[in-house]
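Colleague: Below you will find the structure I want to go over with you.
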Amino acid sequence: MNPKPETSYPKPRPALGATRADFPILHQQVNGKPLVYFDNGATSQKPRSVIDALVHYYERDNSNVHRGLHALSMRATDAYEGARTRIAKFINAADPAEIIFTRGTTESINLVAHSWARAHLKPGDVILTTEMEHHSNLVPWQQAAKAAGATLRYIPVLGADAEGGLNLAALDTLLTPAVKLFAFTHISNTLGTINDAALLCRRARAVGAVTVIDAAQSIGHAPIDVQALDCDFLAFSGHKMCGPTGIGVLYGRRALLDKLAPDETGGGMVVTVTYEGATWKPAPERHEAGTPNVADAIALGAACDYIDSIGRDVIAAHDHHLGQVAMEKLSAVPGIRIIGPRAGQPRGGLVGFAFADVHAHDVVTFADEDGLALRGGHHCNQPLMRKLGLTSTTRASFYFYNTEQEIDVLVGSLHRIQKFFVG
Ligand code: PLP
Numbered sequence: 264m265n266p267k268p269e270t271s272y273p274k275p276r277p278a279l280g281a282t283r284a285d286f287p288i289l290h291q292q293v294n295g296k297p298l299v300y301f302d303n304g305a306t307s308q309k310p311r312s313v314i315d316a317l318v319h320y321y322e323r324d325n326s327n328v329h330r331g332l333h334a335l336s337m338r339a340t341d342a343y344e345g346a347r348t349r350i351a352k353f354i355n356a357a358d359p360a361e362i363i364f365t366r367g368t369t370e371s372i373n374l375v376a377h378s379w380a381r382a383h384l385k386p387g388d389v390i391l392t393t394e395m396e397h398h399s400n401l402v403p404w405q406q407a408a409k410a411a412g413a414t415l416r417y418i419p420v421l422g423a424d425a426e427g428g429l430n431l432a433a434l435d436t437l438l439t440p441a442v443k444l445f446a447f448t449h450i451s452n453t454l455g456t457i458n459d460a461a462l463l464c465r466r467a468r469a470v471g472a473v474t475v476i477d478a479a480q481s482i483g484h485a486p487i488d489v490q491a492l493d494c495d496f497l498a499f500s501g502h503k504m505c506g507p508t509g510i511g512v513l514y515g516r517r518a519l520l521d522k523l524a525p526d527e528t529g530g531g532m533v534v535t536v537t538y539e540g541a542t543w544k545p546a547p548e549r550h551e552a553g554t555p556n557v558a559d560a561i562a563l564g565a566a567c568d569y570i571d572s573i574g575r576d577v578i579a580a581h582d583h584h585l586g587q588v589a590m591e592k593l594s595a596v597p598g599i600r601i602i603g604p605r606a607g608q609p610r611g612g613l614v615g616f617a618f619a620d621v622h623a624h625d626v627v628t629f630a631d632e633d634g635l636a637l638r639g640g641h642h643c644n645q646p647l648m649r650k651l652g653l654t655s656t657t658r659a660s661f662y663f664y665n666t667e668q669e670i671d672v673l674v675g676s677l678h679r680i681q682k683f684f685v686g
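If you want this note's numbering, it's the position in the sequence shown, counting the first as 1, plus 263.
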């Protein structure tokens with residue numbers, strides 16, 4: 264049994280339904296039915312304040328940053344660097360220079376896999392990860408291990424129908440001094456499992472391994488404090504936390520980032536360039552070659568403001584509540600198999616399920632007729648799917664603007680689907 268992650272859930276706040284007014288996209292019909300958006304694990308919707316931040320920037324301040332001395336460039340630079348400071352505060356980073364803007368989680372993890380792994384891994388070293396990783400936190404490590412002659416090892420997932428947690432007992436044999444880097448997801452995008460990130464970082468530090476947390480599914484859903492977690496790197500995407508697509512963050516300890524060779528080179532990140540070579544600025548500039556994604560970084564800062572106006576502990580409680588309601592109501596649908604943590608156990612705000620006789624793509628297509636936005640497939644977790652003996656699952660993933668009534672729409676739709684295909 265895994266110990267329960269150190270999470271306490273305050274009471275869900277029913278008034279969260281009022282936040283729906285902030286999201287223009289939610290007020291529409293799909294196939295003649297009110298939209299029920301349950302695909303938040305893939306991407307979240309954007310509140311008016313985030314959309315306004317983009318419009319405001321392009322209407323008033325749009326300019327290139329850092330290199331200009333005119334008013335617009337200075338305003339754009341202030342807003343861009345202000346967003347970096349805002350995001351540092353959002354995850355309690357000690358220094359804004361520890362925030363590297365990237366395109367998203369995938370690019371953030373690749374930056375570490377290219378720059379850190381290239382410099383530090385040698386034959387015989389071990390990269391440790393888990394069996395529940397998204398391809399974005401798996402394939403880069405496969406490539407890094409191959410390039411260095413290192414070995415990639417996996418912490419097993421406990422029986423996914425029973426618990427869906429990591430087999431922490433295996434840490435005793437897997438987490439040895441040969442492990443140079445340990446990369447793991449905070450919340451599984453397929454199982455909903457919440458990993459005890461603080462404990463995993465503690466264990467990794469005891470053997471001297473560098474830690475990389477994939478926070479794609481947790482960043483907008485639970486309080487994250489990188490200093491309390493004591494992690495070395497943490498990666499996330501803006502679009503899963505009410506921000507725009509095309510912007511994300513790699514948090515890294517300043518001491519590590521300043522020593523890391525850049526993955527990309529070009530303008531903006533150099534101190535001196537000669538025909539023979541170049542020298543690099545310290546972090547964050549050395550890891551942000553070229554013109555950055557200014558507008559989306561600023562809008563990500565606005566997303567932090569919006570989420571903090573609700574409270575991430577409140578969002579976590581709402582996720583947990585909807586997850587438990589969904590587990591209870593979905594388990595009454597004939598022929599359904601729900602994967603991941605059992606009822607009552609901590610789980611992120613998502614529920615994955617499968618029917619023996621109905622493919623997930625059919626479920627999603629039929630549910631769309633009822634106005635539901637679900638996701639079906641392997642969820643970029645192909646090895647985990649194979650381990651579960653499945654080719655695909657359907658996933659309903661929630662956010663603070665979702666309601667219990669919407670879960671009833673899902674349950675009604677699944678009964679209709681089950682009847683149509685199985686009888
Ligand atoms: N990691 C996890 C757990 C995810 O759920 C996702 C996206 O679904 C990613 C990484 C990749 O995020 P992105 O596509 O925004 O880079």
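Note that beta-carbon positions come from the ideal geometry of N, C-alpha and C, so glycine has one too.
Quick check on the burial criterion: 16 or more other C-beta atoms within 10 angstroms. Buried or exposed for ILE578?
Modeller: buried
Colleague: By Cβ distance below 7 Å, which residues in the same chain neighbour ALA566 in space, the five residues on each side in sequence not counted?
Modeller: So the qualifying residues of the chain are VAL313, GLY501, MET504, CYS505, GLY506.
Colleague: Quick one: Cα of TYR664 to Cα of VAL557, how far?
Modeller: 28 Å
Colleague: Counting only runs of 4+ residues fully inside the region 555-600, write out the alpha helix (DSSP H) ranges in chain order.
Modeller: Runs of the alpha helix (DSSP H) spanning 4 or more residues and lying entirely within the region 555-600 occur at 557-573, 575-593, in chain order.
Colleague: DSSP state of TYR662, grouped into three classes?
Modeller: coil
Colleague: Is it buried or exposed, VAL536, if we count other Cβ atoms within 10 angstroms and call 16 or more buried?
Modeller: exposed
Colleague: Any idea if PHE301 is buried or exposed, counting beta-carbon neighbours within 10 angstroms, 16 or more meaning buried?
Modeller: Counting C-beta atoms within 10 angstroms of its own C-beta, PHE301 has 16 or more neighbours from the protein chains shown and is therefore classed as buried.
Colleague: Please list, in chain order, all residues of the same chain as GLY427 whose beta carbon is under 6 Å from its beta carbon, the five residues on each side excluded.
Modeller: Only LEU454, THR456, GLY603, PRO604 meet the Cβ criterion.
Colleague: Considering SER336, what are the terminal residues of the alpha helix (DSSP H) in which it resides?
Modeller: 334-353
Colleague: For ALA546, which residues in the same chain have their Cβ closer than 6 Å to its Cβ, ignoring the five residues on either side in sequence?
Modeller: ALA360, LEU520, ASP521
Colleague: Answer yes or no: the CB of ALA472 versus the heavy atoms of the ligand GDP, is any distance below 7 Å?
Modeller: With respect to the ligand GDP, the structure offers nothing, as its ligand set consists of the ligand PLP.
Colleague: PHE684 to ILE372, Cα distance in whole Å?
Modeller: 41 Å
Colleague: If you measure between the beta carbons of VAL389 and THR369, is that distance less than 8 Å?
Modeller: no
Colleague: Give me, in chain order, the residues of the same chain whose beta-carbon lies closer than 8 Å to that of ALA491; leave out the 5 immediate sequence neighbours on both sides.
Modeller: ASN355, ALA461
Colleague: With the cut-off set at 8 Å, would you say ALA704 and LEU391 are in Cβ contact?
Modeller: Because the chain spans 264 through 686 in this model, residue 704 falls outside it and cannot be assessed.
Colleague: So within the region 380-434, which uninterrupted beta strand (DSSP E) runs reach at least 3 residues, ignoring any that extend past its ends?
Modeller: 389-393, 414-418
Colleague: Closer than 7 Å: is that where the CB of GLY506 sits relative to any heavy atom of the ligand PLP?
Modeller: no
Colleague: Could you tell me which residues DSSP puts in a beta bridge with ILE457?
Modeller: According to DSSP, which records beta bridges pairwise, ILE457 is partnered with ILE450.
Colleague: Quick one: does the C-beta of SER399 sit closer than 7 Å to a heavy atom of the ligand PLP?
Modeller: yes
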